[in-house]
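Residue numbers (the numbering used here): 3 to 135. Notes follow once the structure below has been shown.
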């Protein structure tokens, strides 16, 4: 009798696992049919890491600072009279490519669109060639 009890317990355990498998299959097929009917892509990062609006401006490097940073002066018709200077850090792509920037270079910087330009740090994203300026 003890052996029969063990076999019956084993069968019930198998039944439980089979029912769990069926539940999993139902969940999978349900999500597949939902995704086939309506394309639902849920990415938790999409809401939090949305690209922030940035403004690209041309600037001239006037001073090199430690830590891959530099002081830049905005150039262009609208900024000539204002004489705006910003601190810019070098973007990772420029560091990775080992592009050297020196005083006097014309560069493109990105400034985030929140508040005044002078309140935020800029990101140095491109070094123009001498023929480009």
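Note that CB positions come from ideal geometry on N, CA and C, so glycine has one too.
Cα-Cα separation, residue i to residue j
i           : j           : result
residue 88  : residue 123 : 7 angstroms
residue 106 : residue 133 : 14 angstroms
residue 102 : residue 113 : 21 angstroms
residue 81  : residue 108 : 15 angstroms
residue 83  : residue 104 : 24 angstroms
Cut-off 6 angstroms between Cβ atoms - residues of its own chain near residue i, not counting five sequence neighbours on either side
i           : result
residue 128 : 110
residue 92  : 70, 126
residue 130 : 108
Continuous beta strand (DSSP E) stretch holding residue i: start and end
i           : result
residue 64  : 56–67
residue 111 : 108–114
Beta-carbon spacing of residue i, residue j below 8 angstroms
i           : j          : result
residue 125 : residue 70 : no
residue 63  : residue 56 : no
residue 60  : residue 86 : no
Cutoff 8 angstroms; reference residue i; Cβ partners in own chain excluding five residues on either side
i           : result
residue 100 : none
residue 65  : 72, 73, 105
Which residues DSSP lists as bridging residue i, in chain order
i           : result
residue 75  : 62, 87
residue 183 : Because the chain is modelled from 3 through 135, residue 183 falls outside the range shown and cannot be assessed.
residue 125 : 91, 112
Extent of the continuous alpha helix (DSSP H) run through residue i
i          : result
residue 95 : 94–98
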